[in-house]
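Before any comments, here is the structure.
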Amino acid sequence: MSWLIMPVLLFLLNLVSSDINQGQFSFDGYLNVDGVAGVDSSGLFKLTNFTRQTEGHIFYKNPIQFKNSTNGSVFSFPTTSIFAIVSEYPTLSGHGLAFVVSPNNGIPGALPSHEFDDINDNLVGIDINGLNSMVSAPARYFTDERKFINVSLIREDPLQISVEYNGTKKRLHFYP
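What follows is the structure, given as structure tokens:
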């Protein structure tokens, strides 16, 4: 099994936008932790461990308004995280990380499974209202020189990932 270290919480870290104008976040006492998730002595979030068939979740407890109450449009937002996926057996790992926007502190109806019919075990997928990816691609990025660079998500070195949603254009971007 693998365990995930998140020195910065992906799910809503730096969720500061001129559209949302929610202010700054403090995570002390504002986290909902379940399963085997926890914070280690150095302050890193661990979502799993090397125990088989285990999982953990960390959610921000307080609701954040993502929609304009007047017209129902979704606000634009950015979020950034630094994480590492460390596997006991790196060549056998199929573990990952999910950025989740949920109406409550949990993922009702989501059942863990190791077979998602994914294109490979090192991908970025967009799942909407379920566990099947609407769109997926190998984890890689496009350089200014117009070249794709593959990124291994299962590594002991920290990796920074950013998620941006443009509510006006209805576009979601992920990048390292």
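According to mature numbering (1 follows the signal peptide of the UniProt record, and there is no 0), the residues represented by the sequence shown are -18 to -1, 1 to 158, in order.
All C-beta atoms, glycine included, are put in the ideal place defined by N, C-alpha and C.
| Query | Result |
| --- | --- |
| 7 angstroms CB neighbourhood of Tyr157 in its chain, flanking five on each side removed | Tyr123 and Ser144 |
| Residues near His155 by beta carbon distance below 6 angstroms, same chain, minus five either side | Glu146 |
| As assigned by DSSP and simplified to three states, the class of residue 165 | Past the edges of the chain, shown from -18 to 158, lies residue 165, and the structure says nothing about it. |
| Endpoints, beta strand (DSSP E) assigned at Phe57 | Element bounds for Phe57: n/a, residue is neither H nor E. |
| Thr150 classed as buried or exposed, judged by whether at least 16 other C-beta atoms fall within 10 angstroms | exposed |
| Ile64 and Leu135 closer than 7 angstroms at C-beta | no |
| Closest by C-alpha distance to Tyr71, when choosing among Tyr12, Gly107, Asn31 and Asp109 | Asn31 |
| Assigned secondary structure, Gln35 (DSSP; H/G/I helix, E/B strand, else coil) | coil |
| Reference Gly17; option with closest CA among Tyr42, Pro45 and Leu29 | Leu29 |
| Cutoff 6 angstroms; reference Leu13; Cβ partners in own chain excluding five residues on either side | Ile40 |
| Nonlocal neighbours in the same chain, by C-beta distance under 7 angstroms from Asn50, ignoring five residues either side | Phe57 |
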